[in-house]
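Enquirer: Input: one structure, supplied below.
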Amino acid sequence: MSARDHILQRLRAAPQGKAPLLPDVHAFHAASRAGRPDSSRAERIELFCEKMAFWHGEVRPT
Numbered sequence: 026m027s028a029r030d031h032i033l034q035r036l037r038a039a040p041q042g043k044a045p046l047l048p049d050v051h052a053f054h055a056a057s058r059a060g061r062p063d064s065s066r067a068e069r070i071e072l073f074c075e076k077m078a079f080w081h082g083e084v085r086p087t
């Protein structure tokens with residue numbers, strides 16, 4: 026029996042439980058924004074663009 030067959034045999038013999046629930050992405054983002062001051066979507070996009078421009082300026086090859 027090959028190693029692959031042995032692994033598959035062990036996996037098939039293992040008890041099958043319920044699959045884990047997927048993370049709630051919307052709740053995660055809502056919670057992460059809850060602690061920040063209120064800002065409009067446009068302000069968040071502008072901040073993101075500024076951060077990306079800064080990052081690209083920092084990593085520009087010389």
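Quick note on our numbering: the sequence shown kicks off at 26 and runs consecutively.
We treat Cβ as the ideally placed atom computed from N, Cα and C, and that holds for glycine.
Jot down the residue ranges of each uninterrupted alpha helix (DSSP H) in the segment 42-79, minimum 4 residues, whole runs only, in chain order.
Expert: 50-59
Enquirer: Does ALA28 come out as helix, strand or coil in the three-state DSSP assignment?
Expert: helix
Enquirer: What number of angstroms, rounded off, separates the C-alpha of ALA52 from the C-alpha of LEU46?
Expert: 14 Å
Enquirer: Please state the DSSP three-state secondary structure of ALA39.
Expert: coil
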